[in-house]
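Take 26 as the starting number for the sequence shown in this note's numbering and just add one per residue.
Below is one structure, written out as structure tokens; comments come after it.
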Amino acid sequence: MKDLSNKKILIIHDRFQFRGGGERLVLDLARGLGADIATEFWTDQTYDRAEAPGKVYVLDEGEPAQIVWRYFRAHYNFWFKTKSFINEYGLVIFSGNNCLSAAFNLRANTPRLLYCHAPVRYVYDLFEKRRRDESSPLKRFVYYDIGKWMIRGIYQAGLARMHGHVIANARNVRKRLQRFCRTDATVIYPPIKTDRFQWIAQGDYYLSFARVEELKRVDDIVRAFQQLPDKKLVIASSGPDIEKIRAMSNGYANIDVRGWVEHDELADLVGRCIATIYIPIDEDFGMSPVEGMAAGKPCIGVADGGLPESIEDGVTGMLISKDYSLEELVAAIEKLAPDEALKMKDACIAKAQIFSEEKFVTAMKQYIEQI
26 MKDLSNKKIL IIHDRFQFRG GGERLVLDLA RGLGADIATE FWTDQTYDRA
76 EAPGKVYVLD EGEPAQIVWR YFRAHYNFWF KTKSFINEYG LVIFSGNNCL
126 SAAFNLRANT PRLLYCHAPV RYVYDLFEKR RRDESSPLKR FVYYDIGKWM
176 IRGIYQAGLA RMHGHVIANA RNVRKRLQRF CRTDATVIYP PIKTDRFQWI
226 AQGDYYLSFA RVEELKRVDD IVRAFQQLPD KKLVIASSGP DIEKIRAMSN
276 GYANIDVRGW VEHDELADLV GRCIATIYIP IDEDFGMSPV EGMAAGKPCI
326 GVADGGLPES IEDGVTGMLI SKDYSLEELV AAIEKLAPDE ALKMKDACIA
376 KAQIFSEEKF VTAMKQYIEQ I
């Protein structure tokens, strides 16, 4: 595929449910390629649909409450509801996991590729944790001991339909694909809007803007600041665990839980913080630390997953242990005081440029031209 200008392009993404990095990537890529978008559903909690540059196919409404039905409905939607339009396109880009079912509708000679954010985590790298955390023996047996084989089989069948054209969003994800799926991938880092986040000043607070859910461990950040009454924390995000975080923060004047904020307010919060804090479990890559770096703000992160690909300990932030203690997190916050954070400003800005939106779109176009 040498000429993109004559190709009608479709990006199929699992769902637009939150203001996450995957959703932002799809919108950025769609603009860069002039592509249309297909997704299972699009909620009010994610980005405005008007940000999509072309046509948007929304296959269903909202997310079902039941986990099992949620999974099967997604595959049904992508398999059966994309048949009417998918072969109108000369290139199809897949972004996600369940959406791979749509690949079975493609003509054999249609160019396609997968941008892999992560192989299905709860049946691969997070399988043991998820199974251990399931309190019901029956569900543990059905969902994990039996269900994992079906889910892995469906995923790898879809992966095989990519004809070897797979892109990973980080070296960490590439290793997972090699380990669990025996599939290699080219690494193209996700785009960071480096021009959107700028240094403004150094305020008196630390910032967390990761989605508020179990794997992001925002609750541990709150516990740390409960022990640091002289240091301020702002949480500018939301998610499934937001009420838990609000309850934990109640009565602590130094912890400000704002929930989701508009783009301009988030950019202002990032541009004025001391540093960001991001300590997820085996994160695929982690875009928010780099967004902070674009504004000259270092990140306190965890030496796990893809974070060491952007956070250089002592240069663009601080890395705590994979199995950190609360005391270690508290010590890192105390160590990354305002004067230390300020010393890392220039290195952070330089590091962020590696992940610019322009470089991402250029790399994607170069890869597509070789298909």
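Where a beta carbon is used, it is the ideal one built from N, C-alpha and C, also for glycine.
Given the structure is predicted, the values throughout are model-derived calculations rather than measurements.
- CA-CA distance, Q181 to M175, rounds to 10 Å.
- With 16 or more other Cβ atoms inside 10 Å of its own Cβ, G311 counts as buried.
- In this structure, V286 keeps its C-beta atom at 9 Å or more from the C-beta atom of D266.
- In the structure shown, L84 falls within a coil segment according to DSSP collapsed to helix, strand and coil.
- In this chain, the beta strand (DSSP E) harbouring T64 covers 61–64.
- Between V191 and L202 a beta carbon distance of about 7 Å is seen, short of the 8 Å cut, so the two are scored as contacting.
- Counting only residues of its own chain and dropping the five nearest sequence neighbours on each side, Y147 has a CB closer than 7 Å to the CB of R155.
- Under DSSP, D338 shares a beta bridge with G342.
- Shown here, C324 sits in a strand according to DSSP, grouped into three states.
- Taking a cut-off of 8 Å on C-beta distances, the segment 313–332 does not touch the segment 248–256, as fewer than three cross pairs fall below it.
- Cβ-Cβ distances below 7 Å link R177 to V148 in the same chain, with the five nearest sequence neighbours on each side left out; the list follows chain order.
- Here the segment 264–284 makes no contact with the segment 339–358; the two share fewer than three CB pairs at distances below 8 Å.
- Distances from the CA of N275 to each of L291, L258, E353 were compared; the closest alpha carbon is that of L258.
- V295 carries a helical assignment under DSSP once its states are collapsed to helix, strand and coil.
- For V198, there is no enclosing beta strand (DSSP E); the residue is found in the alpha helix (DSSP H) stretching over 196–206.
- Sequence-distant partners of M273 (beyond 5 residues in either direction) whose C-beta falls short of 6 Å from its own C-beta, in its chain, are V247.
- Here the C-alpha atom of N102 lies approximately 47 Å from the C-alpha atom of D371.
- Setting aside the 5 residues that flank it on each side, K108 is surrounded in the same chain by N130, each with a C-beta closer than 7 Å to its C-beta; the list follows chain order.
- In the DSSP assignment, V386 falls outside any beta strand (DSSP E) and within the unbroken alpha helix (DSSP H) covering 382–394.
- Between the segment 52–66 and the segment 74–86 there are three or more C-beta pairs closer than 8 Å, enough to call the two in contact.
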